[in-house]
Structure formats: C-alpha cells, structure tokens
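S.K.: Quick one: structure below, then a few questions.
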Amino acid sequence: MSEYQYYEFCRIGSPLSAEARKTMQSLSSRAKVSTHGASYTYNYGDFRGKPAELVLNYFDVFFYISNFGTLRLIFKYPENQITEEEIEKYRIKHVIHYQKHEQYGLLTIDINNEEGFGWTEGEGLLADLLPLYDEIKDNHYHFLQVVSAVHDHFMGENSNTLSNLLTKNTLSSAEKTFVACVGL
Numbered sequence: 004m005s006e007y008q009y010y011e012f013c014r015i016g017s018p019l020s021a022e023a024r025k026t027m028q029s030l031s032s033r034a035k036v037s038t039h040g041a042s043y044t045y046n047y048g049d050f051r052g053k054p055a056e057l058v059l060n061y062f063d064v065f066f067y068i069s070n071f072g073t074l075r076l077i078f079k080y081p082e083n084q085i086t087e088e089e090i091e092k093y094r095i096k097h098v099i100h101y102q103k104h105e106q107y108g109l110l111t112i113d114i115n116n117e118e119g120f121g122w123t124e125g126e127g128l129l130a131d132l133l134p135l136y137d138e139i140k141d142n143h144y145h146f147l148q149v150v151s152a153v154h155d156h157f158m159g160e161n162s163n164t165l166s167n168l169l170t171k172n173t174l175s176s177a178e179k180t181f182v183a184c185v186g187l
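The letter at position 154 of the sequence shown is residue 157 when you use the working numbering, and the numbering goes up by one with no holes.
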C-alpha cells in the first residue's frame, strides 16, 4: 500500500489575508490555497509546515489523516470561549490535549491506530467535521467522550463504551463522520 497523508487548514469567518495565502502557498508545491483554507496531499514525503503554529497564526481548525493510522484535529478558540477546567476532565495523555497560547487555546485530538486506516481519503472530510468545533465552543463535550471511547477501543480497553455510543444512536452527524474516518 502506498503512503497517503492529507493536511487541511480552515479559517472560520473572515478570509485569509493575501500574506497568509502566500505563506501557505510557499510551504509546498502541493498547496491548494483558498480564501478560507489550505490543503496538501502527500503520497510520499511530509508537509514541512508546523500545523499548530499555522493554526495560531492564521486558522481556526486543522485536520490531518494518514493511511498509516493517524488522525489529528486542532481547534483554536479565543481563551474566553472555552472552559479549560471542563476540557481537562477529558484529557488523555497524547490523545486529548488543551494548551493556552496568549489569548488563544488549542484543543488537539490525536487518534493513532497502529493497524492503520487502510484506504483513506481526506478530501472533503473537514467540512463534515467542522460542527465539532461549534459543539465544543458551545460547551457540549460529547465528542470528547467519543474520542476517549475510540482511543480505548484501539488500545484494546473497554470497547463496551464505544459499542454503547454507536448502538444508542446518540452521535451527531459530525461525530459519525469522525468515527467513520477512523475506520469504525
């Protein structure tokens, strides 16, 4: 199987400045840059930008997926929109992490499945995942419970929690997209 990596950045609200678009274009010959985002697809090699820094400087959301079993989401919130204490209740080392950066906070979600995700395509998925950004901004943390259950499943622990979440049909459309992204 060949390598596949997909990176996508999104700015919610106002468009990117011409300088930001130029910066994103300069990071790779594979850049597809628009007024509200940038994406990069790699079948070999790696993206040379630093996603967290780029989100802090230009964007609100970052999405990464690879066929070797990694999915990453980064959400940037103004510091006053998120209750750090609530996020910390769901913190899992190397999986759910929140970090303050001056007037912003970055919520990072990392899922790693050592078996890989098989055939994966990232194009078009971020649009379906964007409602997760608003759910958390609105203090609805069900998605973090889903992330925890998915992580436990991949670690071979307590997969009943994930089964219960999936069978109770309590997942939002965006949460269903997330679960499908990780191959469950």
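Heads up, the beta-carbon is just placed ideally off N, CA and C, and yes, glycines get one too. Here the structure is a predicted model, which means the values were calculated and not measured.
1) Considering only C-alpha positions, which residue in the set L128, V153, D137 and H145 is nearest to N115?
2) Go ahead and label R94 buried or exposed: buried means 16 or more other beta carbons lie within 10 angstroms of its beta carbon, across all protein chains shown.
3) Compare the C-alpha of D189 against each of I99, Y144, V150 and A183 and name the closest.
4) Can you give me the Cβ contacts of S5 inside the same chain, cut-off strictly under 7 Å, excluding the 5 residues immediately before and after it?
5) Quick check: the Cα distance between P18 and G159, rounded to an integer number of angstroms?
6) When the Cα atoms are used, what is the spatial distance from S151 to Q8?
7) Within this structure, are the beta carbons of G40 and E11 separated by less than 8 Å?
8) Buried or exposed for T123, going by 16 or more other Cβ atoms inside 10 Å?
9) Give the DSSP-derived three-state secondary structure of K179 in the structure shown.
10) Whose C-beta lies closer than 7 Å to the C-beta of Y43 among residues of the same chain, with five residues either side of it excluded?
11) With distances taken Cα to Cα, identify the nearest neighbour of A55 among S20, F157, V185 and K103.
12) Measure the C-alpha to C-alpha separation of Y107 and L128 and round it to an integer number of angstroms.
13) Taking only three categories from DSSP, how would you classify F146?
14) Helix, strand or coil for S166, going by three-state DSSP, please let me know.
15) Alpha carbon to alpha carbon, what distance is there between E178 and D137?
16) Let's see if you can read the secondary structure: which residues bound the alpha helix (DSSP H) around A130?
17) Taking the alpha-carbon positions, what's the L74 to G121 distance?
18) Quick check: the Cα distance between S37 and R24, rounded to an integer number of angstroms?
19) Our contact map puts V98 next to I77 with C-beta atoms below 8 Å; I'd like the distance itself, whole angstroms only.
M.R.: Straight from the coordinates:
1) If we check each option's Cα against that of N115, V153 comes out closest.
2) Classification of R94: exposed, given that the 10 Å Cβ count is below 16.
3) What the structure shows of the chain is the stretch from 4 to 187, and residue 189 is not part of that stretch, so it cannot be assessed.
4) Correct list, in chain order: N46.
5) Distance between P18 and G159, taken at the CA atoms: about 43 Å.
6) In a straight line, the C-alpha of S151 is about 23 Å away from that of Q8.
7) Against a cut-off of 8 Å, the Cβ pair of E11 and G40 comes out as a contact.
8) Counting Cβ neighbours within 10 Å, T123 comes out buried, since at least 16 surround it.
9) Here K179 sits in helix by DSSP.
10) Shown here for Y43: same chain residues with a beta carbon closer than 7 Å to its own, the five before and five after excluded, namely Y10, S31, R33, A34 and F50 in chain order.
11) Comparing Cα-Cα distances from A55 to each of S20, F157, V185 and K103, the minimum goes to K103.
12) Cα to Cα, the separation comes out at about 25 Å.
13) In the three-state reduction of the DSSP assignment, F146 falls in the helix class, which pools H, G and I.
14) Three-state DSSP puts S166 in a helix.
15) CA-CA distance, D137 to E178, rounds to 12 Å.
16) First-last of the alpha helix (DSSP H) with A130: L128 to L132.
17) Between the alpha carbons of L74 and G121 lies a distance of about 13 Å.
18) Their backbone Cα atoms lie some 7 Å apart in a straight line.
19) Contact between V98 and I77 does not hold, since the beta-carbon distance rounds to 13 Å and is not under 8 Å.
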